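First up is the structure itself, then whatever we jot down about it.
In the working numbering, the protein residues as written are 15 to 162.
Written out as C-alpha cells, the structure is:
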C-alpha cells in the first residue's frame, strides 16, 4: 500500500472553508461536500495563475470521478485541496486530487475531464498550447504528454 499523498505533492493547491451546512447528523462533513471541495480544486487548477487552461469556444465536462474516503473531516476550519494532472489524452485529462485537514490526507480522487465543443456536444482535441499548459501541472510521478 502506498503512503498517503502530501499537499506539497500537488502543483495546484487551494482551500475551502468548512460550513455548518456541510455537516451531517453525526457532526462530520458529509461525503457530498467532499465532491464539492474537489470541484473547487479542479477549478483552481484550470484557472492556474499565468496559464491558459481553457480554449475559447470549448468547455470541460466531468466524465468520471472516483473518490476514496480515508478519514472524517470535522468543523471548524478549512480543507486544503491538492490537484495535479496525471495523464493527458487526445481530448481528455485525468487529474489526481487529495483533500487534507490539519495536514492529514482525508480523501483521494481521480477525475477525468473531457474537452467538449459546445456547438456539437462532442469531444474536441486538446490544442498544443493547452497540452503544454497541462504538462506544467503534471504530478511528480507522471510523464509529460507528447506534443501532437
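For each residue, glycine too, the CB sits at the ideal point set by N, CA and C. This one's a predicted model, so the numbers in the text were calculated from it and none came from an experiment.
Asked	Found
Note the first and the last residue of the continuous beta strand (DSSP E) segment covering residue 55.	Not the beta strand (DSSP E): residue 55 falls in the alpha helix (DSSP H), residues 45 to 60.
Work out the CA separation of residue 40 and residue 58 for me, nearest whole Å.	30 Å
Between which two residues does the beta strand (DSSP E) holding residue 134 run?	First-last for residue 134: undefined, no H or E at that position.
How is the alpha helix (DSSP H) around residue 143 delimited, first residue to last?	142 to 149
Within the continuous beta strand (DSSP E) that includes residue 78, where are the two ends?	73 to 83
Please report the Cβ distance between residue 153 and residue 127, rounded to the nearest whole angstrom; I am assuming they are in contact, meaning their Cβ atoms lie under 8 Å.	With a Cβ gap of about 15 Å, residue 153 and residue 127 do not count as contacting.
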